[in-house]
Amino acid sequence: MRKSSVLFSIVILLFIGACKNGSQTATFPKNSRLVLPKYSSLFQIAVTTQDTFLKLIDPTDSAKSLGNYCWGKSDHSFSGFTKIQSKKRIVAMSAVFIGMIEALHGENAIVGVDNIAYISSPKTFNRAQKGQISSVSPNGNLQKETLVSTKPDLILGYYTDAKGQREMNQLQENHIPVIFLQNYLEKHPLGRAEWILVFGALMGKLEQAEGMFASIEEHYLLTKERAESAKTKPTVLINAPFSGTWDVPAGDSYMATLFNDAGGNYIFSNHKGAGRIPMGIEQVFAQASKADVWFNPGACRERACMLQLDQRIAQFSAFKNQNIFNCTKQLKANGANAWWDYGVLRPDMVLLDLLAILHPEIEFEHAPVFFEKVQP
Amino acid sequence: MKLAKSIWLPLVILCVLCMLDLFFSRSAAGLEINSTNNWFWEFRMPRVLAAMGAGISLAISGLILQTLFRNPLAGPFLTGITPGASLGIGILLMAFPAGMHMGWAHHLGITGVGFLGGILVLLIQLYISRKQTGVFTLLLSGVMLGYMAGAATEILQTIADAQQLRSFVMWGLGNFDRVQLQELYYFLPISIIGMFVVFALRHKLDAWLPGELYAQNAGINTKKLRLQIILITGLLAGVTTAICGPIGFVGLAAPHLSRILLQTGTHSKLWLHTAVWGAIFCVFADFVAHNLLYQLTLNVNAICAVFGAPIVLYVMLKRKTGT
Numbered sequence: 201m202r203k204s205s206v207l208f209s210i211v212i213l214l215f216i217g218a219c220k221n222g223s224q225t226a227t228f229p230k231n232s233r234l235v236l237p238k239y240s241s242l243f244q245i246a247v248t249t250q251d252t253f254l255k256l257i258d259p260t261d262s263a264k265s266l267g268n269y270c271w272g273k274s275d276h277s278f279s280g281f282t283k284i285q286s287k288k289r290i291v292a293m294s295a296v297f298i299g300m301i302e303a304l305h306g307e308n309a310i311v312g313v314d315n316i317a318y319i320s321s322p323k324t325f326n327r328a329q330k331g332q333i334s335s336v337s338p339n340g341n342l343q344k345e346t347l348v349s350t351k352p353d354l355i356l357g358y359y360t361d362a363k364g365q366r367e368m369n370q371l372q373e374n375h376i377p378v379i380f381l382q383n384y385l386e387k388h389p390l391g392r393a394e395w396i397l398v399f400g401a402l403m404g405k406l407e408q409a410e411g412m413f414a415s416i417e418e419h420y421l422l423t424k425e426r427a428e429s430a431k432t433k434p435t436v437l438i439n440a441p442f443s444g445t446w447d448v449p450a451g452d453s454y455m456a457t458l459f460n461d462a463g464g465n466y467i468f469s470n471h472k473g474a475g476r477i478p479m480g481i482e483q484v485f486a487q488a489s490k491a492d493v494w495f496n497p498g499a500c501r502e503r504a505c506m507l508q509l510d511q512r513i514a515q516f517s518a519f520k521n522q523n524i525f526n527c528t529k530q531l532k533a534n535g536a537n538a539w540w541d542y543g544v545l546r547p548d549m550v551l552l553d554l555l556a557i558l559h560p561e562i563e564f565e566h567a568p569v570f571f572e573k574v575q576p
Numbered sequence: 012m013k014l015a016k017s018i019w020l021p022l023v024i025l026c027v028l029c030m031l032d033l034f035f036s037r038s039a040a041g042l043e044i045n046s047t048n049n050w051f052w053e054f055r056m057p058r059v060l061a062a063m064g065a066g067i068s069l070a071i072s073g074l075i076l077q078t079l080f081r082n083p084l085a086g087p088f089l090t091g092i093t094p095g096a097s098l099g100i101g102i103l104l105m106a107f108p109a110g111m112h113m114g115w116a117h118h119l120g121i122t123g124v125g126f127l128g129g130i131l132v133l134l135i136q137l138y139i140s141r142k143q144t145g146v147f148t149l150l151l152s153g154v155m156l157g158y159m160a161g162a163a164t165e166i167l168q169t170i171a172d173a174q175q176l177r178s179f180v181m182w183g184l185g186n187f188d189r190v191q192l193q194e195l196y197y198f199l200p201i202s203i204i205g206m207f208v209v210f211a212l213r214h215k216l217d218a219w220l221p222g223e224l225y226a227q228n229a230g231i232n233t234k235k236l237r238l239q240i241i242l243i244t245g246l247l248a249g250v251t252t253a254i255c256g257p258i259g260f261v262g263l264a265a266p267h268l269s270r271i272l273l274q275t276g277t278h279s280k281l282w283l284h285t286a287v288w289g290a291i292f293c294v295f296a297d298f299v300a301h302n303l304l305y306q307l308t309l310n311v312n313a314i315c316a317v318f319g320a321p322i323v324l325y326v327m328l329k330r331k332t333g334t
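Going line by line, the protein sequences match chains A and B.
Numbering follows the working numbering, in which position 101 of the first sequence is assigned residue number 301; successive positions increment by one, without gaps.
Numbering follows the working numbering, in which position 63 of the second sequence is assigned residue number 74; successive positions increment by one, without gaps.
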């Protein structure tokens with residue numbers, strides 16, 4: 201009897217725990233138009249004539265929810281959905297979010313960003329210079345008082361670890377709504393860009409966002425098709441060593457997808473996963489010393505700078521042949537770089553850049569937007 | 012100099028580990044002998060030699076620090092040398108926004124600053140030790156100075172920009188992959204000379220063990236000896252930290268393991284054992300870090316502690332005696 205009651209209690213506790221973690225129990229209204237993403241599996245949107253609904257899915261467990269939200273003209277409350285009352289004052293905790301908001305001309309709603317220094321867009325940067333936008337996490341540490349002083353209606357946040365999630369959740373407990381947008385975990389470049397639909401929905405410009413994404417997708421697929429006509433597949437290496445450790449993106453990451461879609465042969469494609477792989481410089485050399493093209497060697501824009509990272513870099517074929525490109529073409533003096541925001545929204549432009557570099561034999565008119573050759 | 016019989020087993024272990032680390036690599040199928048060698052001299056050899064050099068330097072530093080402070084917990088980390096060296100290097104990396112883009116002058120700068128940072132902390136601790144001689148005071152002062160240096164480093168990280176922070180964080184993950192052949196030209200001689208200086212000082216260090224007064228009565232210039240120990244430990248631990256990043260555990264564990272195995276505190280017997288066990292710890296950690304998982308490099312510090320601590324505890328319990 202005692203054993204069975206203990207077992208029963210455990211089952212009840214587990215059930216309560218599951219509910220607290222947020223399972224996807226909320227259902228969209230029957231009369232709504234569903235907007236299901238093609239490439240992303242981390243969000244779902246539905247719209248009725250009066251309201252918009254957003255479901256965010258936990259990237260680590262698709263059965264769990266990161267939050268269900270609704271907003272709109274009606275006064276109804278919908279079971280399982282948190283109502284967002286206003287979106288007039290937004291704090292955007294990532295340059296990517298700012299880029300997407302700006303693409304939809306909603307930058308006037310931004311009252312706070314993580315760090316003003318990393319804003320590449322002139323419009324938002326100018327507003328920040330005028331004091332209309334505050335840095336709420338200038339050195340990676342969230343300044344809660346600064347954040348509260350911006351009087352936000354909504355915080356668009358993300359987290360990379362449990363500590364960051366806890367910190368953001370504390371704000372939520374203090375009645376500041378936080379929406380976690382984990383778009384950086386998308387594996388496909390188009391999946392990352394597809395989050396423009398979420399921003400479109402938030403800003404009441406869903407149809408505009410859908411049109412924008414359709415055009416990006418079409419352009420991307422056309423470029424990919426063009427790359428498929430290439431007769432060779434140059435081998436590709438990425439990143440650079442820092443103090444002996446060389447982080448490379450795994451084979452299912454969005455960078456690997458971009459290289460392969462641009463007609464390249466990404467050296468580390470056979471590594472499972474979408475995250476980063478910390479490798480020793482020797483391991484990278486053993487596999488990639490003969491790579492044809494090298495992308496993004498840290499912050500270096502000159503080969504001399506690369507040699508200071510590690511002199512042994514000189515032995516890589518791509519270094520000897522001066523086939524090194526970095527995404528620093530739009531790098532500003534303050535450290536902001538359009539690669540981190542516009543590059544996420546426009547993977548089609550990134551792919552065009554890569555195609556032009558990897559396959560100069562395919563003739564088409566394109567001046568690279570993000571990449572520049574590392575100087576000898 | 013006649014080698015004791017007891018040194019042969021650790022030397023054989025070290026040789027076997029060096030051979031493994033030099034000639035074997037983890038492939039998808041398991042451990043394999045390397046078939047190509049175009050990268051051997053540039054990558055593999057410096058890495059293994061650096062592991063040996065770091066092991067020798069840190070272990071020898073730990074040994075003489077434990078003697079100097081007559082404190083079994085003394086080591087490059089606990090006495091604040093490594094945090095002090097880290098702080099110095101942190102200041103250098105933050106002060107120059109280009110990070111590591113300054114050539115050999117910068118490498119030498121990092122080494123020099125690491126050395127100075129380590130020495131400075133040790134000098135402060137010695138000043139405190141002359142005012143307050145209790146073991147707990149010494150221990151606490153080391154811990155406090157380490158905390159202070161660590162906290163100052165954290166503040167620096169907070170105000171650093173992304174590029175500076177990345178340089179420092181990556182430097183802070185101690186490993187031997189970063190060491191290049193050119194750095195070994197001065198790192199290995201420093202390690203070996205440091206080891207032989209300790210050999211030369213062995214009798215004085217033995218006389219220091221019962222206390223400073225005893226050493227004075229034995230006719231030893233204790234001020235000079237203290238300064239010599241500070242310079243050697245600052246140089247060995249500071250330079251190792253600058254070149255390989257902060258490596259913990261070895262400086263504390265290797266001297267204790269040698270004492271337990273040899274059942275002696277005599278430096279003439281301990282110095283070589285300690286150096287060899289230090290090298291064993293580091294080469295083993297380097298081998299495991301590179302070969303435990305396929306094409307994924309683990310943190311050397313973590314491997315040192317995860318595998319080393321149980322070994323030391325096991326030997327300690329088996330011998331049923333402390334150090």
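Glycine residues also receive a C-beta, built at the ideal position from the N, C-alpha and C atoms.
Segment limits, beta strand (DSSP E) that includes residue i
i	result
T445/A	T445 to P449
L42/B	G41 to I44
L234/A	R233 to V235
CB contact below 8 Å: residue i versus chain B
i	result
G364/A	no
N526/A	no
R512/A	yes
S517/A	no
F442/A	yes
CB contact below 8 Å: residue i versus chain A
i	result
S38/B	no
T169/B	yes
Q143/B	no
S178/B	yes
R58/B	yes
T1/B	Here chain B has residues from 12 to 334 only, and residue 1/B is not among them.
L31/B	no
L28/B	no
G123/B	no
M155/B	no
M63/B	no
R55/B	yes
M159/B	no
M105/B	no
W19/B	no
Those residues which DSSP pairs with residue i across a bridge
i	result
G267/A	L256/A
Y196/B	None, per the DSSP bridge assignment.
R37/B	L42/B
G312/A	V291/A and S334/A
K283/A	C270/A
I557/A	Answer by DSSP bridge pairing: none, since I557/A is not bridged.
Run of the alpha helix (DSSP H) containing residue i, from where it starts to where it stops
i	result
Q329/A	P322 to Q329
F459/A	Y454 to D461
I92/B	I92 to A106
L437/A	Not the alpha helix (DSSP H): L437/A falls in the beta strand (DSSP E), residues T435 to I438.
Q306/B	It is not in any alpha helix (DSSP H) - Q306/B carries neither H nor E in the DSSP assignment.
A567/A	Taken as a continuous stretch (DSSP letters only), A567/A belongs to no alpha helix (DSSP H), as it is neither H nor E.
F34/B	W19 to F34
A62/B	M56 to L79
V574/A	That residue, V574/A, is in no alpha helix (DSSP H); it is neither H nor E in DSSP.
Q250/A	Careful: Q250/A lies outside any alpha helix (DSSP H) and carries neither H nor E.
Heavy atom of the ligand GTP within 7 Å of residue i beta-carbon
i	result
N228/B	Absent from the structure shown: the ligand GTP. Ligands present: none.
Residues of the stretch 473–491 of chain A whose Cβ lies closer than 9 Å to any Cβ of chain B, in chain order | I477, P478, M479, G480, I481, E482, Q483, F485, A486, Q487 and S489
Starting from the N-terminal side, write out each stretch of the alpha helix (DSSP H) that is 4 residues or longer and does not extend beyond the stretch 139–191 of chain B.
-> 146–170 and 173–183
May I have a chain-ordered list of the alpha helix (DSSP H) segments no shorter than 4 residues that lie completely inside the stretch 470–538 of chain A?
-> 481–488, 503–509 and 517–520
Run through the stretch 341–406 of chain A for me and flag every whole alpha helix (DSSP H) of 4 or more residues, listed as ranges in chain order.
-> 344–349, 362–373, 389–393 and 396–402
Please list the segments of the alpha helix (DSSP H) lying wholly inside the stretch 249–296 of chain B, counting only runs of 4 or more residues, in order along the chain.
-> 261–273
The stretch 284–300 of chain A: which residues have C-beta closer than 8 Å to a C-beta of chain B, in chain order?
-> none
Mind checking the stretch 184–210 of chain B against chain A and listing, in chain order, the residues whose C-beta falls within less than 8 Å of any C-beta there?
-> L184, N186, F187, D188, R189, V190, Q191 and Q193
When Cβ atoms are compared, which residues of the stretch 298–318 of chain B fall closer than 7 Å to chain A?
-> H301, Q306, L307 and T308
Positions along the stretch 368–379 of chain A whose CB lies within less than 8 Å of some CB in chain B | none
Going along the stretch 328–341 of chain A in order, which residues come within less than 7 Å of chain B, judged by CB to CB distance?
-> N339 and N341
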